[in-house]
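Below is one structure, written out as structure tokens; the observations come after it.
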Amino acid sequence: FSQNDYKLWLQYDSIEDSELKQSYLDAFKAINVMGNSPSLDVSHKEISKAYHSFFNEELKTAESGDGLLILANIDQLPANMRSDVKSDIENINSEGYIIMSLEQNGNKVILITAKTDIGVLYGSFRLIKEMQLHNDLSNLAIIDSPKIQKRVLNHWDNLDRTVERGYAGFSIWDWHLLPELIKPEYTDYARANASIGINGTVLTNVNANSLILTEQYIEKVKALAEVFRPYGIQVYLTARFSAPLESGDVDTADPLNAEVRQWWKDKADEIYAEIPDFGGFLVKANSEGQPGPNNYDRTHVDGANMLAEAVAPHNGIVMWRAFVYSEDDPEDRAKQAYSEFVPFDGRFKENVLVQVKNGPIDFQPREPFHPVFGAMPNTPLMMEFQITQEYLGFASHLVFLPKLFEETLEEDTYVNGENSTVAKVIDGSLSNKKLTGMAGVANIGTAKNWTGHPFGQSSWYGFGRLAWDPYMSSEEIAEEWLKMTFTNEEAFIYPVTDLMIKSREAVVKYMTPLGLHHIMDTGHHYGPGPWVSNLSRPEWNPVYYHKADEEGIGFDRTQSGSDALSQYANPIAEKYSSPETTPEKYLLWFHHLPWDYEMDNGETLWHNLATTYQEGVEDVEEMVDTWNNMEEYVDKERFEKVAMLLQIQLKESKWWRDACLSYFQQFSGMEIPESVPQPE
Ligand code: GCW
Numbered sequence: 020f021s022q023n024d025y026k027l028w029l030q031y032d033s034i035e036d037s038e039l040k041q042s043y044l045d046a047f048k049a050i051n052v053m054g055n056s057p058s059l060d061v062s063h064k065e066i067s068k069a070y071h072s073f074f075n076e077e078l079k080t081a082e083s084g085d086g087l088l089i090l091a092n093i094d095q096l097p098a099n100m101r102s103d104v105k106s107d108i109e110n111i112n113s114e115g116y117i118i119m120s121l122e123q124n125g126n127k128v129i130l131i132t133a134k135t136d137i138g139v140l141y142g143s144f145r146l147i148k149e150m151q152l153h154n155d156l157s158n159l160a161i162i163d164s165p166k167i168q169k170r171v172l173n174h175w176d177n178l179d180r181t182v183e184r185g186y187a188g189f190s191i192w193d194w195h196l197l198p199e200l201i202k203p204e205y206t207d208y209a210r211a212n213a214s215i216g217i218n219g220t221v222l223t224n225v226n227a228n229s230l231i232l233t234e235q236y237i238e239k240v241k242a243l244a245e246v247f248r249p250y251g252i253q254v255y256l257t258a259r260f261s262a263p264l265e266s267g268d269v270d271t272a273d274p275l276n277a278e279v280r281q282w283w284k285d286k287a288d289e290i291y292a293e294i295p296d297f298g299g300f301l302v303k304a305n306s307e308g309q310p311g312p313n314n315y316d317r318t319h320v321d322g323a324n325m326l327a328e329a330v331a332p333h334n335g336i337v338m339w340r341a342f343v344y345s346e347d348d349p350e351d352r353a354k355q356a357y358s359e360f361v362p363f364d365g366r367f368k369e370n371v372l373v374q375v376k377n378g379p380i381d382f383q384p385r386e387p388f389h390p391v392f393g394a395m396p397n398t399p400l401m402m403e404f405q406i407t408q409e410y411l412g413f414a415s416h417l418v419f420l421p422k423l424f425e426e427t428l429e430e431d432t433y434v435n436g437e438n439s440t441v442a443k444v445i446d447g448s449l450s451n452k453k454l455t456g457m458a459g460v461a462n463i464g465t466a467k468n469w470t471g472h473p474f475g476q477s478s479w480y481g482f483g484r485l486a487w488d489p490y491m492s493s494e495e496i497a498e499e500w501l502k503m504t505f506t507n508e509e510a511f512i513y514p515v516t517d518l519m520i521k522s523r524e525a526v527v528k529y530m531t532p533l534g535l536h537h538i539m540d541t542g543h544h545y546g547p548g549p550w551v552s553n554l555s556r557p558e559w560n561p562v563y564y565h566k567a568d569e570e571g572i573g574f575d576r577t578q579s580g581s582d583a584l585s586q587y588a589n590p591i592a593e594k595y596s597s598p599e600t601t602p603e604k605y606l607l608w609f610h611h612l613p614w615d616y617e618m619d620n621g622e623t624l625w626h627n628l629a630t631t632y633q634e635g636v637e638d639v640e641e642m643v644d645t646w647n648n649m650e651e652y653v654d655k656e657r658f659e660k661v662a663m664l665l666q667i668q669l670k671e672s673k674w675w676r677d678a679c680l681s682y683f684q685q686f687s688g689m690e691i692p693e694s695v696p697q698p699e
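For the sequence shown, full-length UniProt numbering gives the first residue as 20, with consecutive numbering after it.
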């Protein structure tokens with residue numbers, strides 16, 4: 020087994036080009052770390068590791084001289100150097116960094132500085148990345164800061180190490196052997212996350228187990244927190260709302276009950292005594308059977324604010340999820356989070372972030388943005404993306420998710436006029452929010468390559484990049500990741516970047532084209548299941564979403580239907596109210612249309628549905644071909660693994676096409692166009 024898969028984007032391949040190598044060795048001969056701290060230590064260690072790996076030489080330390088790399092927090096810098104970066108330092112935030120080429124007593128040096136040691140660590144990873152990307156080091160002037168504060172992975176990991184919606188083995192948290200056994204994976208996890216700026220991790224599933232809040236488990240969490248701390252990563256836990264009740268200490272979990280409130284305060288004090296930089300709680304309440312304030316006729320505000328009060332003295336936060344839908348109103352699940360949360364705008368305490376999924380249903384291959392974005396200007400809203408591919412072929416399909424994330428972030432909510440993008444809601448700039456955050460449901464497990472599919476790593480990587488800068492282009496992310504993970508060869512980078520970018524639209528086409536959604540087989544959500552109609556809750560059944568019948572197909576969310584569309588601002592609400600002016604990618608999300616409805620290209624809806632499924636298959640064929648031409652650039656192990664997985668994806672794209680077209684054909688009664696293979 021080669022280690023390449025395990026090393027993620029931190030391969031640090033040796034620099035073979037002799038000219039480039041020489042230019043690096045001229046610019047960077049030795050290191051001087053000023054000051055002392057665990058974060059500076061790991062920065063030094065990481066740079067030394069990379070140096071050795073790039074150049075096959077040990078990195079020496081020195082006090083001065085030409086080609087010196089200086090690592091220092093701004094407070095540790097000698098006055099003359101501090102004045103060199105005086106104006107720049109004002110332009111970065113507490114996690115930002117500056118990388119500058121400077122003249123020092125006639126010598127050329129590189130300075131990495133920041134307001135905090137964590138900023139220096141981020142700068143260190145950036146300098147390493149400049150070398151991974153083969154960028155010039157001779158004249159550096161890089162200034163960067165994260166645009167979002169809480170950049171957090173959400174692990175849906177259970178205490179028995181199963182992972183809900185996890186497809187990469189078991190949980191990497193080995194609770195049974197913690198706190199004593201500290202695995203090297205924990206450090207590598209922290210390195211990987213710090214390298215992309217992730218600064219928080221929720222260790223446990225939102226479908227929470229209150230055991231995690233007991234003394235024994237807090238000891239285990241503390242051990243992990245100690246590994247992560249130098250890397251700037253805070254730990255968070257999920258809080259099961261009924262924990263006080265389950266502890267046996269009190270006989271209710273009513274958030275307005277004084278004893279319950281005290282219980283949470285004591286619990287917070289207990290955790291913070293062990294883990295002083297504990298991040299806070301993530302809560303799924305009154306959703307899919309989880310307990311919550313509604314059980315006591317209290318509101319989400321009551322629940323969230325109670326927990327917020329408990330962690331506030333310790334600078335903790337509460338991430339309260341808006342993923343709610345109840346059996347009481349099965350008319351349109353897409354409307355419920357908005358209906359339940361928007362009336363509470365402005366009533367949450369200031370250390371509460373309301374965490375909203377990117378779309379109003381549930382992590383589909385494509386959804387319009389969630390209408391709550393923009394509709395709660397007085398509440399800090401946190402984005403929740405799903406990195407694990409619950410509805411997108413698990414870890415067997417290659418789907419580069421940053422393309423999906425980018426699409427959501429770029430969408431215009433229009434709430435404050437044009438250019439009120441979702442990214443601006445999330446980074447707080449649209450309505451001046453102090454607390455900001457982005458969460459990604461992790462796709463990480465015990466698989467030797469962390470994510471099962473080797474390309475699953477790119478979605479983890481890209482999530483981190485977009486949490487740092489939600490305006491980044493997915494193409495740039497793909498390119499960076501490929502270079503750092505595989506090779507800088509242009510003949511590899513261009514075609515494979517293209518493959519990655521197209522992979523998202525491919526999955527939409529072969530699973531849920533033209534705005535279809537949630538037609539995966541139920542329970543596991545793998546493979547097609549548009550026919551499923553027998554589950555106890557109507558909104559768990561695919562037939563609820565596509566509504567295919569002899570008349571047509573699609574979910575009418577206009578005024579004549581559920582009117583979910585009215586939750587969007589104008590001009591969206593107006594524009595999408597008619598199928599003619601609805602973008603075709605969202606057509607069946609908002610409209611129920613006859614099978615012979617005429618599409619933009621003059622063909623019928625049925626025709627385009629069929630040909631789009633087929634295009635999806637052809638896109639995967641193209642991905643297969645592209646990859647097969649890449650053999651010379653990739654090690655055998657990763658090459659073959661991806662090639663074999665692509666064959667599965669190809670087979671399954673046909674499965675999707677054939678299953679959906681045969682099923683829908685019963686209703687359309689129309690012929691499958693000749694250009695599309697007839698289902699057997
Ligand atoms: O996507 C759905 C999943 C559940 C998940 C839930 C949620 C953690 O099918 O497995 O539970 O969403 O986000 O809470």
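For glycine and all other residues, C-beta sits at the position ideal for the given N, C-alpha and C.
Predicted model only: the values in this text are computed from it and were never measured.
Cutoff 8 Å; reference residue i; Cβ partners in own chain excluding five residues on either side
i    : result
L87  : K48, A49, I50, N51, A81, Q123, N126, V128 and I129
S450 : P396, N397, N435 and V444
E429 : T440, V441 and A442
Status (buried if at least 16 other CB within 10 Å, exposed otherwise) for residue i
i          : result
R556       : exposed
D155       : exposed
Q685       : exposed
L152       : exposed
residue 17 : Here the chain comprises residues numbered 20 to 699, so residue 17 is not present and cannot be evaluated.
S522       : buried
K673       : buried
P295       : exposed
T506       : buried
K299       : Residue 299 is actually Gly in this sequence, not Lys. Under this definition G299 is a buried residue.
N110       : exposed
Element boundaries [alpha helix (DSSP H), containing residue i]
i    : result
N314 : Premise fails: N314 is in no alpha helix (DSSP H) and is neither H nor E.
W500 : S493 to T504
K284 : A277 to E293
M402 : That residue, M402, is in no alpha helix (DSSP H); its beta strand (DSSP E) goes L400 to Q405.
R101 : A98 to D103
H565 : P561 to H565
One or two residues paired with residue i in a DSSP bridge
i           : result
N126        : Q123
V171        : G219 and A458
residue 702 : The requested residue 702 does not occur in the structure, where the chain is confined to residues 20 to 699.
R296        : Per the sequence presented here, residue 296 reads as Asp, with Arg not at that position. DSSP lists no partner for D296.
P396        : In the DSSP output, where bridge partners are listed per residue, P396 has none listed.
L301        : T257 and M338
Y490        : Its beta-bridge partners do not exist; DSSP assigns none.
Own chain partners of residue i with C-beta closer than 6 Å, once the 5 adjacent residues on each side are dropped
i          : result
Q309       : K303
K79        : A49
G471       : Y186, A187 and A414
T427       : N377, F388 and V441
residue 11 : In the structure as shown, the chain begins at 20 and stops at 699. Residue 11 is therefore absent and cannot be evaluated.
F144       : S214
E293       : I237 and K241
S58        : D136, I137, L140 and P249
Endpoints, beta strand (DSSP E) assigned at residue i
i    : result
Q30  : Unbroken run through Q30: none, as it is neither H nor E.
K376 : V371 to K376
E637 : That residue, E637, is in no beta strand (DSSP E); its alpha helix (DSSP H) goes L624 to N647.
N92  : L87 to N92
V52  : A49 to V52
T257 : Q253 to T257
D163 : A160 to D163
R340 : I336 to R340
Cut-off 7 Å between Cβ atoms - residues of its own chain near residue i, not counting five sequence neighbours on either side
i           : result
residue 726 : The structure shown does not extend to residue 726, since the chain is modelled only from 20 through 699, so no value can be given for it.
M689        : W614 and W625
7 Å Cβ cutoff, residue i in contact with chain B
i    : result
D273 : Judged by its chain identifiers, the structure shown contains no chain B, having just a single protein chain.
Distance cut-off 6 Å: residue i Cβ against heavy atoms of ligand 3
i    : result
F342 : For the structure depicted, ligand 3 is absent and the ligand set comprises only ligand 1.
Check your understanding: Is the number of C-beta pairs between the segment 645-652 and the segment 527-540 that are closer than 8 Å three or more?
Key -> Counting C-beta pairs closer than 8 Å gives fewer than three between the segment 645-652 and the segment 527-540, which falls short of the contact rule.
Check your understanding: Should the segment 596-604 be called in touch with the segment 489-500, which here means at least 3 C-beta pairs below 8 Å?
Key -> With contact defined as three or more Cβ pairs closer than 8 Å, the segment 596-604 and the segment 489-500 are not in contact.
Practice item. Would you check if there are 3 or more beta carbon pairs closer than 8 Å linking the segment 573-590 to the segment 605-622? Key: Of all C-beta pairs linking the segment 573-590 to the segment 605-622, three or more are shorter than 8 Å, placing the two stretches in contact.
Exercise for review: Tell me, please, whether the segment 261-281 touches the segment 225-232 by the rule of three or more beta-carbon pairs shorter than 8 Å.
Suggested key: Counting Cβ pairs under 8 Å, three or more are found: they touch.
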